[in-house]
Each structure stands twice: as structure tokens, then as C-alpha cells.
């Protein structure tokens, strides 16, 4: 027995039907998954893995039959090797077909209309599947996922987690382990070679009756692969047992039958093998140079020989191993020539560049200008939805350009843009530098430096960006390129120390952009001016520039929202976020803005859910640009709650992220967070914490960092506790200057008074801070000022301390800042306690059960239990469906449930218990 195959003693004794011999265990696992999803256990995913011919498709088809028999709505699709450039083709092949189809043609047309918005598209697809599965369980099966187009792969990496609470079973087959979503509910079934017992059963199925011992020995040559074994057995049945040795029998089984075909049929099959496992007769006829009507004899012979199958629309090789065997018989030069001819004929018949490109990737040679043009066109067509693929195509186009060809710079510029769009910033910079090393004409030099500016910005290499733009500006004559370079220079200077000079550069860039009539330059200039204004603390100017930018390009709506938050104009922010519509261009940033608003409103639980959602969306897109800020905010929020363990976990993530993306803004946020964590420990090193705050200013003043402005009072406290009065005074002075720049912002005014009051121990200033903040929209700064006022009054024996402390406690408690609320509650006790006497301690939040749910989570739970979809629940709560999904994942974890059915039972029980208690 082959050592690679399992001992038949370990195989279940129950036999499956012919064609599934030896797969009893896997079939039972699939049956159990089908029944669990049908019975309301929630969604799950199963992966069938193994080499070609090992039986993945047979098992998948059996699972499809089982699901249909149990009332499932089924989507059964297949990925095709040459369809990589068709967005969502692999999933759509099943979603649009079926009885009934999972998606209508209208649904799919709606999706296709927004194919350039990946996050929106996947969310909408999830909503449609969720709606279809509301009353009927769903099976989504995709065969040969290793060939799935990038958008389908992206969908398969996101949708299973998004739909875990719905009765959806995902069943995927692949030759290798796919880079898809993997979670606790993923079942992986690697298909091993068949046992000797299963091979003997297969032999009886094919040959009938008892199997001679000699045949059992010969079958070892199949290596336990059921398809190859069946082909060998077909050869044995036709030639007898006494024949060639096993390796030659494989030829008889797979390739040998080709030898008996007429030459025209063999040529037709070879043409078909170049076109892929499935191909149209018209495409094959065009490549053969014959009319389709003249190929009927060849088609009939191929079908009669069990090599091809006709599904009514296309011809298919009965198994991809058969196609590979035919394809392998072609000489490499012939393959290349056929692929190149196939590409040309597809284009000549009006097919898109995307249909021709898979053939070009296998055939194009340097200097092939038609191939270069088609690759560039295809890259431009898919860049919005499949940026990584676009980058690969653009780079391949550049590789085909002869080194000295003049077109290298135009093609290279496209490659830089595509690489940058795909987040491959280092490769984009290196590609540009390779082109620049060829010493292009000055105008080309300037244009390349302009497109490289985006990659350098994302690499946080602002010093290099400033140097390159300055050099290129000395060479440029094109007004539009000059305006773009000046705008990028303004962006680079926004990170520098001289913001006055940066503002002048930005204004000059905007004027140049308007004279040149260049849209890209205008967007860059407005963006730069908005960044400069925010860094300078000029909130009104920031709103002005970001509003103009948002009107001009709605992708910048989140920046406008954040600028308005700095102005304390929360009503305007709410209106703006509601106006984002159903297709936000940058959902992660939009939810970041929502999280920032919720932090300002003191809705800590909602803010935390939003931050989690924003991080998840960035991770889905593989662009974690805001990870440090997200985790710093979540860590500071955890400190307010008193969850030191969670804060340290966030700090660990921040440390790793800063090491990977070491820009000055990330360093400032990181060092301040380190200071807060260090200062919070009773026996911590307060001087070291103060030094961390001081280190934030080594690059720029503390108030320069927009994320840290709401925390200046806490920074003053850290400085005072650390004995660094000079730092505390400096911080307070910055707060006063910031207030002077923003006279209409209550938080700026109140925070400045609060910071100065702490430095000067001025009760009057504390009262002034409270009075100002009472007219502002932010409860947490008001709570902090009220607490400090209450402590000061309590120390002086003033009875007015009680209402101040009560206000602070109530505001903290309503916000969910449990640690701060407890600290304020204990102030009177602490003031009268003897030295060494312990005061009450904060009771930790429970993390399991109904009581662990936040107020927003309970609202979501009740809506979902009442039959709402994520989308309709989001509409009811006026939040994003992404946020509802985050809440739902947290609800399922805290309640230890897996499905909406289970959730509904718990909600009903809790509501009944609440009614009984009320009675």
C-alpha cells in the first residue's frame, strides 16, 4: 500500500454512491454542516482542498444536491482560469443562475453600476444575500477558487464573516489553501489520496464484478487520485489486464485516447485547450480559421470520446486534467503563438481588452506595442475595483517596452499611478527612480516627480517630497504640472515648522491650478491648505478649505466632517454625515469621522464600535493608514473606562504599527498614549510620563497634533505630577493661543481656561472653564472641569463642591467613563478618610451575558430579533450598516450565540423577564 494513502481500517465502513468512494468522512461532515445551517445554527464556511482530480468537484456537487433536497436556495459557480480580469465573474457565475437565482439581473446591474466601490459593493451584496436568506437557508458554492478574479476573492474574504449570523453555508474548492477569511467556524477538508479499499470499490464500479489482484496492483500507479484511477480503469476495460506498465497506462487513460482522434479533431482540441477549460465554438472556429458550421464533425468526435461536454452555451473539457494533457502536448512556441493569435482575434471581434489580456500575459514579447496598449487599457479599466491586478498589468506593460523606447516614460507613469493606488508605495518609488535614472527630458522629469509625490506622501517621506518638488519646479514649463508640483510642495511643508510659508505655497498652488484649469492640482492645493490650517490650529480656515474641497470632490467629505468637529459644530457634522448617501467613497474614513463625533459627544461605547468598524474596513482593503490613531483613541477610551488591560493591548498594537510606519504624527500620538498609561499607575514614574509628553513637542508644539488637542488638560496634569512646571506652563500657553485663534469654539475657550487654572491653582478660572463648557457640545471636557472645580471647592470646605462633583459624576457615568465616574464619586470619601484607609474600588464591567451589552448593542439586538436586516436596522438607528455589523459581532460574542434565531430567543426571554420584574 502506498505510504501516502490512509489505512483503510481508519475509514468509515459506510459506502457512498459510485463516484464518491472513499469520501464517506468528508461527505458526513458536509451533511452535518448543511443540516446545522438549515436548523438555524448560523453561517459557516467549508473549504475542500486537494490536487486536480482528487474529487473536490464531486463532493461539492453532492453537497449541492444535499442542500437542494433540504430546501436551500443554491448558488453554484465556478472560477475560470482565463477570467481573472472580469470583476466578480467567479461569484456571479453562480449568483445569477439557479432555480431561482440568488440574485436577479436587476440586482446585479445595480452592483455593476458601483463596481468601482469595493466596500459598498460587498456591503450591498451582503444585504441582498441576507435578505434572501431571511426565510430560506442559502448555499453559495464556488469551484476552483484558486482561479477566482480578485474582486470575487475579496468578496469571499469578507462576506462569510459579514454573514455569520445568517443561515448561509459557503462551500469552496481550491487546489491550494486560499487567502480568504478564516474564523472559528471554518471547516477545512483536505482531500487525501484514496485508500486501497476505496480504489478497489472504484474498480468494481468501472469493471463490474470482482477485481483481479493484478488490477489492484496496477491501480497503485494512480497515486490514489480518483480521476486518474478512473481513466486507468477505462484503459484497462478497453485493452485488458495484460498491457503496458502503470505509467504507460496513465498515457492510455488520459492522453492515449487522443491518438485515435482524427488530426482535425486533435487540432480543434488543442485550440480549445488554449482558450481555457470552457470556450465558445465561435472563438475556437475563429482561431482555427474555419466557420463554426464546419467544425461539427470535430465537436461530435470530441464529445463521443468523453473529452468535451456541451452545456448548451459553451464547450467544456470534461475535467481540467484532460485540458492540461492536451495543452501539455503543444510545443511551448506553438502555445505562445496560439495565445497571441487568440488575443488578436478577440480584439478584432470587438471583445474587451480584459478578454485578450490573459492570453497576452502568456504570449506577449518585448516590443509588442499592441500588447502594451491592451495591458495599459485593461489596467485603467480595473484599477478602481482591482488595484493590485491593475498594478501587475501596468508593470507587465512596462516590462514589454524596450529600454530606450520613448514610450517607456508614458507607460512607466501609468505603472507608478497603479502601484500607488494598490498601496505598493516602495515599488512605485523604485519604478519611478529607475525611469529617472535614464535622464529623461526635463518636462518628463517634472511629470514623473509629480506622480511620484503621492507615493512619497504615503511613505511619510515628506523631506524627500519637498526636495524633489523643489528640484522639479526648476525644470517644469507645463502650467498644470507646475501647479501639481507646487501643491505637493505645500503638502510636504504642512508637516514642517514654518506653517506661514506652507500657507503661502498652498495659496500659490491654488492660484496656479485655477489658471491652468487643472482639476488634480486644485484638489491637491485645497487639500494642502486644509491640512496646513488644521495643523496651525486655524479651525475656521480648515473648514473653509475642506468644504471647498468636499464640494469639488466628495471623496474628501470625511475631512470636512473632521474640520467641523474641531469647530464644535456637531449639528453640521450630523447633517454632513447623513448627506454622504448610500455610496460613500471612503467608508473607513467616514466612519472614523463618525467615531470622532461620538467621542466628542461622550458616546464612548458607540465611538469604540465605530473605531472597531473603521479598523476592520481598513484591514479588509489592506490599507491600515489610520491604525495608530484608531488604537490610541481606543486605548484612551479604555483608560476612561478603567480597563487597563485593554489599554495595554492597544498600546502593544500601536508600538508595532509605529515601528512599521514611523511618521512624526504617529510618534506623537504613541508617545502621549505611553505617557497616559505610565501616569495612571499609582506607583508609576510620573517624571518619565512628563518627559514623554515633552518629547511630543520635540518635533512640534503639543497643540500642533490635532488628535491630542482634546487632551491638553490631561497633559498639563501629567506635567504637574511629574514635577515639570515649565512644561505645564508651556502647554497652558499653547491652549490659550489656540483659543485666541478660535474665539467661536467653546471647547477651545473652556480648555484654555481649565489648563491655565490647573497651572495657577485658580478657582475662578476653573469656574470660568465650567461656565464656558456648559455652552459647548462636549460632555467630557465639562465633566473634567467640573471634577477639578469640585475637588478645589471640597478642599476649601465650600458646599458648592457637591453640585460640581455630582455634575461631573453624572456626565462621566452617562458617557460610560466608569473609572472617572468612580473616581469622582469617591472624592468626598477620599477627602475625609484617614491616611492609608482604602476607598471603594471600581467594579469591573461584565463581559458576558445580556448585562454586558451596551445601550446601542441592545437596540441592535432588539431590531435584529424583530426581523430587521443589518441595512434596515442601520436605517432605523441612523448609522452605517458596517457599524451595525460590528455591534452584531460584539452581541454574538457576549451572548455566545451564532445565529439570529438564537439571538431572538434571548431577546424574547430578556423582555419577558423585564416584564415580569415590572409586574
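Numbering (this note's numbering), first residue to last: 325 to 1243. Ideal Cβ placement from N, Cα and C applies to all residues, glycine included. As the structure is a prediction and not an experimental result, all values here were calculated from the model.
| Check | Outcome |
| --- | --- |
| Reduced DSSP secondary structure (H/G/I, E/B, other) of residue 497 | strand |
| C-alpha gap between residue 450 and residue 388, whole angstroms | 21 Å |
| Status (buried if at least 16 other CB within 10 Å, exposed otherwise) for residue 358 | buried |
| Counted within 10 angstroms of its Cβ, other Cβ atoms place residue 657 as buried (16 or more) or exposed | exposed |
| Contact belief for residue 946 with residue 958 at Cβ below 8 Å, rounded distance in angstroms | Not quite, the Cβ-Cβ distance comes to about 20 Å (not below 8 Å), so this is no contact. |
| Candidates 1189, 404 and 1042, of which the one nearest residue 601 by Cα | 404 |
| Residue 1212 versus 930, 997, 764 and 1117, residue with shortest Cα-Cα distance | 930 |
| Burial state of residue 859 (16 or more Cβ within 10 Å) | buried |
| Per-residue DSSP class, three states only, for residue 820 | coil |
| When 522, 482, 491 and 553 are compared against residue 503, the one with the closest alpha-carbon | 482 |
| Entirely enclosed alpha helix (DSSP H) segments - the region 590-662, minimum 4 residues | 605-612, 620-628 and 644-652 |
| Alpha helix (DSSP H) runs contained entirely in the region 1077-1112, provided each spans 4 or more residues | 1087-1097 |
| Beta carbon of residue 476 nearer than 8 Å to that of residue 367 | no |
| Cβ pair residue 469, residue 498 closer than 8 Å | yes |
| Backbone secondary structure at residue 856 - three-state DSSP | helix |
| Endpoints, the alpha helix (DSSP H) within which residue 467 is located | Residue 467 -> not in any alpha helix (DSSP H); beta strand (DSSP E) instead, spanning 462-467. |
| Stretch-stretch touch, CB-based, cutoff 8 Å, three pairs: the region 847-862 with the region 879-887 | yes |
| Inter-residue CB distance, residue 1106 and residue 1098 (contact presumed, cutoff 8 Å) | 6 Å |
| Integer Cβ distance of residue 654 from residue 474, believed to fall under 8 Å | With 8 Å as the limit, residue 654 and residue 474 do not qualify as a contact, their Cβ atoms being about 28 Å apart. |
| Nearest residue (CA-CA) to residue 478, options 941, 965, 379 and 1019 | 941 |
| Stretch-stretch touch, CB-based, cutoff 8 Å, three pairs: the region 589-607 with the region 689-697 | no |
| First through last residue of the beta strand (DSSP E) which encompasses residue 369 | 368-373 |
| Same chain only: Cβ atoms within 6 Å of residue 998, ignoring 5 sequence neighbours per side | 1016 |
| Range covered by the alpha helix (DSSP H) that runs through residue 347 | That residue, residue 347, is in no alpha helix (DSSP H); it is neither H nor E in DSSP. |
| Same chain, Cβ closer than 8 Å to residue 732, neighbours up to 5 away in sequence not counted | 722, 725, 726, 759 and 762 |
| Local conformation of residue 691 per DSSP, three classes | coil |
| C-beta atoms of residue 1094 and residue 1076 nearer than 8 Å | no |
| Distance, residue 1171 Cα to residue 968 Cα | 15 Å |
| First through last residue of the alpha helix (DSSP H) which encompasses residue 1170 | Element bounds for residue 1170: n/a, residue is neither H nor E. |
| Cut-off 7 Å between Cβ atoms - residues of its own chain near residue 936, not counting five sequence neighbours on either side | 1210 |
| Beta-carbon proximity list for residue 511, same chain, < 6 Å, skipping 5 on both sides | 370 |
| Any 3 or more C-beta pairs closer than 8 Å across the region 729-743 and the region 764-782 | yes |
| Residue 845 beta carbon less than 8 Å from that of residue 807 | yes |
| Straight-line Cα distance separating residue 408 from residue 1223 | 34 Å |
| Sequence-distant residues of its chain with Cβ nearer than 8 Å to residue 480 (five each side left out) | 415, 466, 469, 472, 494, 496, 502, 504 and 505 |
| Segments of 3+ residues assigned as beta strand (DSSP E) that fall wholly inside the region 770-855 | none |
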